[in-house]
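One structure is given here, and the rest of the page talks about it.
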Amino acid sequence: MTIKTIKPLDFAIIIEDIVSSKKMTYLDAISYYCEETKMEPQTVGKLVQGNLKAKLREEVIALHYLPKTATIPGL
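The numbering of the sequence shown is full-length UniProt numbering, which starts it at 1 and goes up by one.
So this is what it looks like as structure tokens:
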């Protein structure tokens, strides 16, 4: 059995492709990717970085999975 490593940038590209082609949310796309590749969901955290992390955060806040954080105007 070989272990395939993936870089965060490559992971983000794959997730973006799944989101656009399958019309899924980012959260669903990540879950789908884990199921398809038999990757443990706990290992995905290290791969979610940068722009993908920001998009995922916006999505889970909009879905009320995370509380909205207070913002200061102008910052």
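Glycine included, C-beta positions come from ideal geometry on N, C-alpha and C. No experiment lies behind these values; they were computed from the predicted model shown.
Exposed or buried, which one is residue i when buried takes at least 16 other CB atoms within 10 Å?
i   : result
Y65 : exposed
L63 : exposed
L75 : Because the pLDDT at L75 is just 49, under 50, the model does not fix this residue reliably, and the value given afterwards should be weighed accordingly. Classification of L75: exposed, given that the 10 Å Cβ count is below 16.
L52 : buried
K68 : exposed
L9  : exposed
Can you tell me where the alpha helix (DSSP H) holding residue i begins and where it ends?
i   : result
V44 : Per DSSP, V44 belongs to no alpha helix (DSSP H) and is neither H nor E.
Under a CB-based cut-off of 8 Å, is residue i close to chain B?
i  : result
T5 : Absent here is chain B; the protein component of the structure consists of one chain.
With a cut-off of 8 Å on the beta carbons, I'd call residue i and residue j a contact; round off their distance for me.
i           : j   : result
E58         : T25 : The Cβ separation is near 11 Å, so there is no contact.
residue 143 : I15 : Outside the shown range of the chain (1 to 75) lies residue 143, about which nothing can therefore be said.
E56         : L27 : The question names Glu, but residue 56 in the sequence shown is Leu. L56 to L27, Cβ: 7 Å. Contact.
(request) Tell me the start and end of each unbroken alpha helix (DSSP H) in the region 3 to 41 that is at least 4 residues and wholly inside, in chain order. (result) 8 to 22 and 26 to 37
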